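A short write-up of the structure that comes next.
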Amino acid sequence: MNKDLNIYTPELDPWIQNGVKHALIDVDNTLVKANIAELYLRMRKNSFKRSWSWRLWLTGFAAFWAPIYLLLDAMNREWFQRAFYRRFRVFSPEQIDQASEQLVQEKCRTRLISYTHQLIPYLQKNNITVLLLSTNIEPVVKRMAQRYGVEYLCLPLLQNGTAAQVGLDELRDFKKNHAERYPSESLLAVADSKHDLPVLQHAAYSIVIENRPLSWMKKIRGTYIRVPGTLVHHEQDHADNRTHAKNVPS
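In the working numbering, the protein residues as written are 101 to 350.
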């Protein structure tokens with residue numbers, strides 16, 4: 101076990117010995133420092149031919165829409181997602197797929213979270229089934245899963261005519277419904293926020309990626325540890341066997 105895992109999880113081996121067989125791992129801000137808004141804003145920026153028109157649009161978005169989305173997210177994450185994902189309808193699935201590839205390549209070089217990046221191969225080495233469980237969209241999550249050789253479950257990207265449409269039919273209690281398919285005593289959950297509480301509460305063992313203790317963590321019923329979200333910087337692409345990695349402050 102490498103240095104970071106030794107420092108932060110002396111409990112990990114006993115958990116495995118106690119019968120952990122499955123690990124559900126969140127993606128955004130748990131495996132990689134990213135969120136769906138970054139993908140959307142990147143695509144909108146690329147759609148403008150002139151920098152001044154992009155800055156003008158961004159100013160209007162930040163002044164009017166951003167506070168609305170932040171309020172929705174604070175009140176109910178599902179409300180935010182249902183509202184925000186509608187914005188992707190101005191793009192085609194092919195455009196989103198291409199932008200997702202570029203985003204994932206960039207994030208995997210500079211914004212991977214060190215601990216979770218190391219944790220996944222360690223779990224695989226110990227014959228624990230790893231699944232990325234996320235309410236991000238498939239073009240992003242699929243690429244992250246492929247890089248680690250694990251399965252994934254996320255929101256599908258559908259085609260509606262020439263436009264893209266995020267499949268939201270199963271969004272309600274998406275993570276909770278899947279987590280409850282596993283026996284609590286054999287489940288490890290890895291996540292970063294209060295929005296993941298249903299999964300963290302169901303699992304007998306949890307790892308919370310967060311730099312400081314927060315009040316919502318007291319609601320976790322099982323055994324859990326908190327690990328800071330230190331980033332790891334790759335000088336080459338993660339898929340390259342010659343990659344050299346070093347920790348950088350988050």
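Glycine included, each C-beta is placed from N, C-alpha and C at the ideal position. Since we're looking at a predicted model, the values are computed, not measured.
Cβ neighbours of residue i in the same chain (closer than 8 Å, five flanking residues each side left out)
| i | result |
| --- | --- |
| isoleucine 228 | Ile116, Val120, Lys121, His122, Ala123, Leu288 |
| phenylalanine 148 | Trp154, Trp157 |
| asparagine 129 | Asn135, Ile213, Asp292, Ser293, Ile309, Gly329 |
| isoleucine 320 | Leu297, Leu300, Gln301, Ser306, Val308 |
| arginine 189 | Asn260, Ala263, Ala264, Gln265 |
| methionine 317 | Val308, Glu310, Tyr324, Arg326 |
Limits of the unbroken beta strand (DSSP E) element including residue i
| i | result |
| --- | --- |
| tyrosine 169 | Premise fails: tyrosine 169 lies in the alpha helix (DSSP H), 166-175, not in any beta strand (DSSP E). |
Status (buried if at least 16 other CB within 10 Å, exposed otherwise) for residue i
| i | result |
| --- | --- |
| arginine 150 | exposed |
| leucine 314 | exposed |
| arginine 247 | buried |
| leucine 171 | exposed |
| alanine 98 | Because the chain in this structure spans residues 101 to 350, residue 98 falls outside the shown range and cannot be described. |
| glutamate 238 | buried |
Beta carbon proximity, residue i to chain B, threshold 9 Å
| i | result |
| --- | --- |
| leucine 231 | Given the protein chain composition of this structure (a single chain), no chain B is represented. |
Supposed close pair residue i, residue j - CB separation, criterion 8 Å
| i | j | result |
| --- | --- | --- |
| valine 250 | leucine 231 | 6 Å |
Simplified DSSP state of residue i, which is helix, strand or coil
| i | result |
| --- | --- |
| aspartate 296 | helix |
| valine 127 | coil |
| alanine 137 | helix |
Beta-carbon contacts of residue i that lie in its chain and below 7 Å, excluding the five residues immediately before and after
| i | result |
| --- | --- |
| arginine 187 | Tyr140 |
| glutamate 178 | Leu271, Arg272 |
Run of the alpha helix (DSSP H) containing residue i, from where it starts to where it stops
| i | result |
| --- | --- |
| tyrosine 222 | 214-225 |
| glutamate 206 | 193-210 |
| valine 241 | 238-248 |
| serine 306 | Taken as a continuous stretch (DSSP letters only), serine 306 belongs to no alpha helix (DSSP H), being part of the beta strand (DSSP E) at 305-309. |
| asparagine 277 | 274-279 |
| threonine 159 | 151-160 |
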